[in-house]
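S.K.:
There are 2 protein chains.
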Amino acid sequence: MTTRERLIYLPLGGAGEVGMNAYVYGYGAPGKERLILVDLGVTFPDMDGAPGVDLILPDISWLEERADRLEAIFITHAHEDHVGALGHLWPRLKAKVYARRFTAAIARLKMEEAAQPLDAVVTVEPRPGAVEAGPFTVQFMPLSHSIPECAALIIDTPAGRVIHTGDFKIDRAPVVGEPWDDALWQSVAREAPVKALVCDSTNVFVPHPGRSESLLAEPLTALISEAPQMFVATTFGSNVARLKTLAEAAVAANRSVCVLGRSMKRMLRAAQETGVLTSFPQLVTPEEAQDLPRRNLMLLVTGSQGERRAASAALSRGRYLGFEMRAGDTFLFSSRVIPGNEKGVLRIWNAFSEQGVRIVDDAGGLYHVSGHANRPDLEQVHRLLLPDMLIPMHGEHRHLAEHARIATEAGIAAAVATNGTMLDLSGEAPVVAEHIETGRLYLDGTVLIGALDGVIRERLRMALNGLVVVSLILDENDEPMGEPWVELMGLTEKGLGGRLLNETMEAEIGEWLGRQGRKVLKDDDRMEEEIRRIARQVAMEEIGKKPEVALVISRLALE
Amino acid sequence: MTTRERLIYLPLGGAGEVGMNAYVYGYGAPGKERLILVDLGVTFPDMDGAPGVDLILPDISWLEERADRLEAIFITHAHEDHVGALGHLWPRLKAKVYARRFTAAIARLKMEEAAQPLDAVVTVEPRPGAVEAGPFTVQFMPLSHSIPECAALIIDTPAGRVIHTGDFKIDRAPVVGEPWDDALWQSVAREAPVKALVCDSTNVFVPHPGRSESLLAEPLTALISEAPQMFVATTFGSNVARLKTLAEAAVAANRSVCVLGRSMKRMLRAAQETGVLTSFPQLVTPEEAQDLPRRNLMLLVTGSQGERRAASAALSRGRYLGFEMRAGDTFLFSSRVIPGNEKGVLRIWNAFSEQGVRIVDDAGGLYHVSGHANRPDLEQVHRLLLPDMLIPMHGEHRHLAEHARIATEAGIAAAVATNGTMLDLSGEAPVVAEHIETGRLYLDGTVLIGALDGVIRERLRMALNGLVVVSLILDENDEPMGEPWVELMGLTEKGLGGRLLNETMEAEIGEWLGRQGRKVLKDDDRMEEEIRRIARQVAMEEIGKKPEVALVISRLALE
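Chains as they are written, first to last, in our numbering: chain A, 1 to 559; chain B, 1001 to 1559.
1) Return the CA-CA distance between Thr-1235 (chain B) and Gly-1210 (chain B), expressed in angstroms with no decimal places.
2) Three or more beta-carbon pairs under 8 Å between the segment 1235 to 1251 of chain B and the segment 1214 to 1224 of chain B, yes or no?
3) Indicate the three-state DSSP secondary structure (helix, strand or coil) for Gly-439 (chain A) in the structure shown.
4) So is Thr-1002 (chain B) in contact with chain A if we call contact Cβ pairs under 9 Å?
5) Quick test of your reading: Ala-1289 (chain B) and Thr-1302 (chain B), contact by CB under 8 Å. State the CB separation rounded to the nearest angstrom.
6) Quick one, are the C-beta atoms of Ser-370 (chain A) and Asn-203 (chain A) less than 9 Å apart?
7) Chain A partners of Leu-1554 (chain B), CB-CB under 7 Å?
8) Does any residue of chain A bring its CB to less than 9 Å from the CB of Trp-1512 (chain B)?
9) Quick test of the definition: if touching needs 3 or more C-beta pairs under 8 Å, does the segment 337 to 350 of chain A touch the segment 369 to 385 of chain A?
10) Check for me: the beta strand (DSSP E) holding Ala-133 (chain A) runs from which residue to which?
11) Would DSSP call Gly-1084 (chain B) helix, strand or coil?
12) Rank A:Ser-212, A:Pro-30, A:Leu-443 by C-alpha distance to the C-alpha of Asp-171 (chain A) and give the top, closest one.
13) Looking at the C-beta of His-1368 (chain B), does it have a partner C-beta in chain A at a distance below 9 Å?
14) Does Leu-496 (chain A) pass the burial test, meaning 16 or more other C-beta atoms within 10 Å, or should it be called exposed?
15) Do Gly-1328 (chain B) and Gln-1186 (chain B) have their C-beta atoms closer together than 9 Å?
16) Does any residue of chain A bring its CB to less than 9 Å from the CB of Pro-1051 (chain B)?
17) Please state whether DSSP places Tyr-1009 (chain B) in a helix, a strand or coil.
18) Within the continuous alpha helix (DSSP H) that includes Trp-1185 (chain B), where are the two ends?
19) For the alpha helix (DSSP H) containing His-1403 (chain B), name the first residue and the last one.
20) Does the CB of Lys-1032 (chain B) have a neighbour CB from chain A at under 9 Å?
21) On the premise that Ile-1534 (chain B) lies in contact with Trp-1512 (chain B), defined as a C-beta separation below 8 Å, what is that separation, rounded to the nearest angstrom?
22) Could you say if the segment 1450 to 1467 of chain B and the segment 494 to 509 of chain A meet the contact criterion of at least three C-beta pairs nearer than 8 Å?
23) In the structure shown, what three-state DSSP assignment does Met-1 (chain A) receive?
24) Three Cβ pairs or more, each shorter than 8 Å: is that satisfied between the segment 173 to 180 of chain A and the segment 156 to 163 of chain A?
25) Give me the subset of the segment 367 to 401 of chain A whose CB atoms are less than 9 Å from a CB atom of chain B, sorted by chain position.
26) Note down, in chain order, each residue of its chain lying with its Cβ closer than 7 Å to the Cβ of Arg-526 (chain A), except the 5 sequence neighbours on either side.
27) Please classify Ala-1463 (chain B) as buried or exposed, where buried requires at least 16 other C-beta atoms within 10 Å of its C-beta.
28) Consider the Cβ of Ile-56 (chain A): report whether some Cβ of chain B lies at a distance smaller than 9 Å.
29) Should Ser-238 (chain A) go down as buried or exposed, given a rule of 16 or more other Cβ atoms within 10 Å for buried?
30) Across which residues does DSSP place Lys-1494 (chain B) in a beta bridge pair?
31) Kindly confirm or deny that the segment 1023 to 1037 of chain B and the segment 32 to 47 of chain A touch, where touching means at least three C-beta pairs closer than 8 Å.
32) Should Arg-1459 (chain B) be flagged as near chain A, meaning a C-beta pair shorter than 9 Å?
33) So Phe-136 (chain A) and Tyr-27 (chain A) are supposed to be a Cβ contact under 8 Å. How far apart are they, rounded?
34) Closest Cβ-Cβ distance between Ser-61 (chain A) and chain B: below 9 Å?
35) Please tell me whether Ser-304 (chain A) has its Cβ less than 9 Å away from any Cβ of chain B.
36) Among B:Ala-1151, B:Leu-1109, B:Ala-1107, which has the Cα closest to the Cα of Pro-1128 (chain B)?
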């Protein structure tokens, strides 16, 4: 390596948050680095931050401006926060997309939905298979997570070897996929020293070692056997291993299995078509299921996070695809609640409670295990790989900071780099090279808008404050024609004194207009400012709120 | 008791939810019962359900219509969900309000804020003190909770004794207030058999016995002593016992204590003025605190639930009242997160993490204990009081159902009665007498509006879908004057083809108007329907959204 060339790392999403993962690596002379992108995911919006928005995507402007230097895109696994933005943002990048078989199948679905070319997605074999991408050689190293075929990336560069873990756990007996193997990972580190470990931080605060997916089979079988009536289970649709465990437990309990929910069916199909899932109990259709005794039926349904349009929520509201819950049925959440989703999940719990349904949660880990490495597991990976430096990713700031602290205490150089922080990894320790302007894009309907464009801020303001629409017509001599017209949106009709709020505003605005000369009446900006002030003042006096104001001034020209 | 008279129970809030507690009891001939009300609290709104709303209150219309039969209002304790609606709703009821000293002090503050008469609030002494209210004799029986002077109500009626627990825990060594005493409670049940126990259900799913407030002193003192720099702790401002424990631990660790946050100061003042708090370390002012070494300072601050305007959030954003957090400081959340508040709390955690502040949470109970009775504690109370029936309250449906199940298994008659379900408690077991229409009121600014009035629905729709304002002027012959004018609120300016969305709408609406005869142009309803349809169709094509539409039609009369 010449003194001029450098190895850089730049998260554009996923560092300082959980969601919309997008990590750039580059190698070359400063400003001329050849680049690769790892993952291109989404985050899900909420009412507090982005009402009405469909998806949140990383702002990849920096990379887009340098798309000619982008050698390839690598997808570690098929979760939405790693692949969900591919279809929407690929047209801005247009690089080849590499992924393992199952992940590639989902990636192609994303491309298809966005009418992008499917052949941009290339299926790769895991290590020793390798992809050459400019100065990078990238191998996919199988790992366990809560979706099939997750992979860490072994990224060899002229500056040394980088291991980008993606999402992972240590599972020595996963139900689907390859078991964790200490020796294998040691051999990776022995083959070439690990310069940088860029590592999942999600569960850094969980103090106990992670538990294997395979431990769930026995308690789940017992639970499903004991259920007196229909048994319904929800988990992430992409957790194919869990679906297999649940389905097999159902069969052992003499139950037929029926799957409800599009995303779950799609994942199962992809898993079967790509050979990930070689055995899975025969499913029954919803129609066939209707004819079975409830005691001999298990439904696998979507909506473990309380999503309003998914099967769980639909069942909690009443009849869905011919099914309805009854007293004596059991509903299992084989999942954990992602922070922010608590209220939606509890809404479903309470609805089931009203129906007399027994609700079972993860029971402290009896019926669910996490897909992420816990703190002792992370420490073990540090010890196995002995990296020169540790760069925590996939976590909020508190996760990254804690993960860095652990590494530092173990004598490993570490740096907390949140979205937009470019690190130079060329030396002995990570060095901040630059701060890049980053942000978020909102998919709103079919359009991508910038998070700071003001559109969503305007929605939030209307939601919080309500809206007053004032319409005013002036003639060719700038004389008001008739009274101003006020329409209220999201505001109560009557004020404190029982007076109609819009009429009070009309009167006050009309009176003000009557006092103005032509100089003011010619001046739209001045009128807008004053009319807004009057409308808000009246609202404050009458209802104690300061609403948003939209003013429509129509000036009639001589005809 | 004659065969005609009956004892009724009717929750108007707090049953089937956690919040806005309001429970009616009545005794007398059906439809002529004399009534009492227990508690009158609020719930806090969120963006998902009620954006811009200040408080949620129970709809007490049923009681308001029968206010002439209302003998008295009793407040069990001074938490917002039990007393917060008093000032707003008292004018509709105008009955005397009874509470213990500290609670009465807070109740008077609520009355004062709403400009209601302070002398409506009567301070009562705990049992054996008693209030006669029509056919009811009510005694306040001291209990521990997370606020001083909580009380259960012993309600004696011609139909027998009812015990309404309010919020409580079993604490044999509370830091403030009277210890739990099995013998005392047994004597209450021996004195007169308990017909009905109406009982807090909040922690029915917590399987282990509750822990005493006094257990926190030692670990908190250790934690505060070890902190190398400034120590900041947050908890509910009303948890006066916790504030005392924290402040005394600080003094033991050679730190001065400074309180930041209006609600916390107010609670401490009320506790001192009412004699609840007889000893509390001397506080220093924020100005005095500035001059102290950080190592010798502890701040007690509001905002344990992540409230944006409270001291915790303010400190997480930067300088607040001359203080700012620095690397090496410690911030303790001596509290649990109420479901729904997770995101706000985590936002603060991450901001502190960025500042290098060490964050300490309740550490699984080491630094926080709950104020509610856990499942084994509830079972113990059932055993001590041996009620004929158990009516679970203060919980979501799942809590009530589980609490009822426990009672039933122990051989106690039980019924799940959510808001609006009137129970007849006269017989051996609770019987549903009637279903009352109940709901919620929103305090929006200074006005109370019904939750179903449509105002908030309109706000939610604007937030989710954005708004199109269309202005149209017609002359005296119903001819459109000029083009229609379209204004977008909370919508992106440009559609898919890069065209301006408002201009496309104006063109399409203008074209449609041009094709219409006078019959349509005279018909506001018809035009509104069509123009709405066109605007939404254009939006759907251009940006994939169906916005709300506000149409302002101005018809110019001949002058």
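No residue lacks a Cβ here, since even glycine has one placed at the ideal position from N, Cα and C.
M.R.: Taking the coordinates as given:
1) Counted from its first residue, the second sequence places residue 1235 (chain B) at position 235. Counted from its first residue, the second sequence places residue 1210 (chain B) at position 210. About 18 Å.
2) yes
3) Mapped onto the first sequence, residue 439 (chain A) falls at position 439. Residue state, collapsed to three classes: coil.
4) Numbered from its first residue, the second sequence carries residue 1002 (chain B) at position 2. Any answer about Thr-1002 (chain B) is weak, because its pLDDT of 49 lies below 50 and its placement is not dependable; what the coordinates show is given next. Not one chain A Cβ lies under 9 Å of Thr-1002 (chain B).
5) Working through the second sequence from its first residue, we reach residue 1289 (chain B) at position 289. Working through the second sequence from its first residue, we reach residue 1302 (chain B) at position 302. That pair is no contact at about 16 Å.
6) Here the question's residue 370 (chain A) lines up with position 370 in the first sequence. Here the question's residue 203 (chain A) lines up with position 203 in the first sequence. Cβ distance < 9 Å, so Ser-370 (chain A) and Asn-203 (chain A) count as in contact.
7) The count along the second sequence starts at 1 and reaches residue 1554 (chain B) at position 554. Looking at the sequence itself, residue 1554 (chain B) is Ser, so the reference to Leu does not match. Those within 7 Å of Ser-1554 (chain B) in chain A are Ser-471, Ile-473, Trp-485.
8) Translated into positions along the second sequence, residue 1512 (chain B) becomes position 512. Trp-1512 (chain B) does not count as touching chain A.
9) no
10) Here the question's residue 133 (chain A) lines up with position 133 in the first sequence. Counting along the chain, the beta strand (DSSP E) containing Ala-133 (chain A) begins and ends at 131 to 133.
11) As a position in the second sequence, residue 1084 (chain B) is number 84, starting the count at 1. The answer is coil: DSSP assigns Gly-1084 (chain B) none of H, G, I, E or B.
12) The residue labelled residue 171 (chain A) in the question sits at position 171 within the first sequence. Nearest C-alpha to Asp-171 (chain A): A:Ser-212.
13) Mapped onto the second sequence, residue 1368 (chain B) falls at position 368. Under the Cβ distance rule, His-1368 (chain B) does not count among the residues neighbouring chain A, no pair being separated by less than 9 Å.
14) Mapped onto the first sequence, residue 496 (chain A) falls at position 496. Burial call: exposed.
15) Walking along the second sequence from the start, residue 1328 (chain B) turns up at place 328. Walking along the second sequence from the start, residue 1186 (chain B) turns up at place 186. No, the Cβ-Cβ distance between Gly-1328 (chain B) and Gln-1186 (chain B) is not below 9 Å.
16) Along the second sequence, read from residue 1 onward, the residue named residue 1051 (chain B) stands at position 51. Taking Cβ atoms only, chain A reaches closer than 9 Å to Pro-1051 (chain B), which makes this a yes.
17) As a first step, residue 1009 (chain B) is located in the second sequence; it is residue number 9 there, counting from the start. In this structure, Tyr-1009 (chain B) counts as strand in the three-state DSSP scheme.
18) In the second sequence, the residue the question calls residue 1185 (chain B) occupies position 185. Note, Trp-1185 (chain B): alpha helix (DSSP H), 1182 to 1191.
19) The residue you call residue 1403 (chain B) lines up with position 403 of the second sequence. 1397 to 1409 is the extent of the alpha helix (DSSP H) around His-1403 (chain B).
20) Along the second sequence, one-based indexing puts residue 1032 (chain B) at 32. For Lys-1032 (chain B), the answer is no, since every Cβ of chain A falls outside 9 Å of its Cβ.
21) Sequence index remark: in the second sequence, residue 1512 (chain B) carries index 512 (1-based). Sequence index remark: in the second sequence, residue 1534 (chain B) carries index 534 (1-based). Indeed, because the Cβ distance is near 6 Å, the residues count as touching under 8 Å.
22) Verdict: no, contact absent.
23) Numbered from 1 along the first sequence, position 1 holds the residue referred to as residue 1 (chain A). A caution first: Met-1 (chain A) carries a pLDDT of 45, below 50, which makes its placement in the model too unreliable to give a value.
24) no
25) Legend: CB atoms of the segment 367 to 401 of chain A lying less than 9 Å from CB atoms of chain B belong to residues Glu-396, His-397, Arg-398, His-399, Leu-400, Ala-401.
26) Here residue 526 (chain A) refers to the residue found at position 526 of the first sequence. Excluding sequence neighbours, Arg-526 (chain A) sits near Val-520.
27) Taking the second sequence and counting its residues from 1, one reaches residue 1463 (chain B) at position 463. Ala-1463 (chain B) should be labelled buried.
28) As a working mapping, residue 56 (chain A) is identified with position 56 in the first sequence. No, no contact with chain B.
29) Translated into the one-based positions of the first sequence, residue 238 (chain A) becomes position 238. Looking at its Cβ environment, which holds 16 or more other Cβ atoms inside 10 Å, Ser-238 (chain A) is buried.
30) Here residue 1494 (chain B) refers to the residue found at position 494 of the second sequence. Per DSSP, B:Leu-1500.
31) Cβ pair count under 8 Å is below three, so no.
32) In the second sequence, the residue the question calls residue 1459 (chain B) occupies position 459. At least one chain A Cβ lies under 9 Å of Arg-1459 (chain B).
33) Within the first sequence, the letter at position 136 stands for residue 136 (chain A). Within the first sequence, the letter at position 27 stands for residue 27 (chain A). Rounded, the Cβ-Cβ distance is 7 Å, consistent with contact.
34) Taking the first sequence and counting its residues from 1, the one referred to as residue 61 (chain A) is at position 61. So, not an interface residue.
35) By one-based count along the first sequence, residue 304 (chain A) stands at place 304. Not a single C-beta of chain B is nearer than 9 Å to the C-beta of Ser-304 (chain A).
36) Residue mapping note: residue 1128 (chain B) aligns to position 128 of the second sequence, counting from 1. Selected option, being the one with the closest Cα: B:Ala-1151.
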